[in-house]
Amino acid sequence: MQDRRPVRQRLTAHYTSEEIAVWMHRAHPQLGDQSPRHLIHQGRAEEVHRVIDRLDDGAYI
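61 is the number that the numbering used here gives the last residue of the sequence shown; the numbers go up by one with no jumps.
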């Protein structure tokens, strides 16, 4: 079962609040060099969740 809590909530398992702010606004290579925030605002949060799923599974992102 996939975890679909809000993105910021999921990230607290891995990052501080300051790191989350940076992560949300910085272009990410696994998101086509777009920021997670941008994709979420475009209605594409599922793509962001897939990156966090890999992070949860222990992948280096």
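No residue lacks a Cβ here, since even glycine has one placed at the ideal position from N, Cα and C. Since we're looking at a predicted model, the values are computed, not measured.
Beta-carbon proximity list for residue 8, same chain, < 8 Å, skipping 5 on both sides:
Reading the sequence shown from its first residue, position 8 is the one you call residue 8. So the list reads 20 and 24, once near-sequence residues are dropped.
According to DSSP, is residue 9 helix, strand or coil?
Here residue 9 corresponds to residue number 9 of the sequence shown, with the count starting at 1. Residue 9 falls in the helix class under three-state DSSP.
Run the CB neighbour count on residue 36, radius 10 Å, all protein chains shown included, and call it buried at 16 or more, exposed below.
By one-based count along the sequence shown, residue 36 stands at place 36. Buried, by the Cβ-count rule.
Start and end residues, alpha helix (DSSP H) containing residue 37
Numbered from its first residue, the sequence shown carries residue 37 at position 37. Start and end: 36-41.
Alpha-carbon spacing of residue 32 relative to residue 47, whole angstroms
The residue given as residue 32 occupies position 32 in the sequence shown. The residue given as residue 47 occupies position 47 in the sequence shown. Roughly 10 Å separates the two Cα atoms.
Please state if the CB of residue 30 and the CB of residue 54 are separated by a distance shorter than 9 Å.
In the sequence shown, the residue the question calls residue 54 occupies position 54. In the sequence shown, the residue the question calls residue 30 occupies position 30. Yes, Cβ-Cβ distance for residue 54 and residue 30 is below 9 Å.
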